């Protein structure tokens, strides 16, 4: 049985990652990889095209890394101040989530758009104080965002809430 070279279109366990050139049995390539759209023949033209795509991807990834480093330097300088709604006795009525932090960063002087999934907050912030929230901007770039949470005294009293629920 002769082996053939194929270029993988996606990661295949035990075989290789996307854009890898691997040798497999002819039947495996013809009956499984190519019909399933998981690989294509490693001809001279396809290899040239693959090298071109790899060069473009490397250039794009370098640009993304540079942008992430610029964003990280902006975020390191930033100190956000958020308020948490509280009632009598300092009890919090809500919490500060990744969505709130992303909105605050976008509205800040840094003018950075963050996806809420980039903010690595284990659980919502439900108390006041100073926090350092990790932000993962890129696979290789992460930083900490300084957050100061203060109480915004709410004027809602427990008696008013109780009278509303009774009648």
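Residue numbers (the working numbering): 7 to 173.
We treat Cβ as the ideally placed atom computed from N, Cα and C, and that holds for glycine.
Quick caveat, the model's predicted, so the values are computed rather than measured.
Annotation: the continuous beta strand (DSSP E) that includes residue 91 extends over 85 to 92.
Per the DSSP secondary-structure output, residue 151 pairs in a beta bridge with 139. In the DSSP assignment, residue 107 falls within the unbroken alpha helix (DSSP H) covering 104 to 113. Remark: three or more beta-carbon pairs, one from each stretch, lie closer than 8 Å, so the segment 54 to 67 and the segment 12 to 26 are flagged as touching. Of the candidates 141, 69, 13 and 10, 141 places its Cα closest to the Cα of residue 120. Shown here, residue 9 sits in a strand according to DSSP, grouped into three states. In the pairwise beta carbon analysis, the segment 99 to 106 is classified as not touching the segment 145 to 152: fewer than three pairs are separated by under 8 Å. Ranking 97, 135 and 125 by CA distance to the CA of residue 149 puts 125 first. Here residue 134 carries a coil assignment [DSSP, helix/strand/coil]. Residue pairing by DSSP places residue 22 opposite 18 in a beta bridge. The C-beta distance from residue 122 to residue 108 rounds to 5 Å, short enough to fall under 8 Å.
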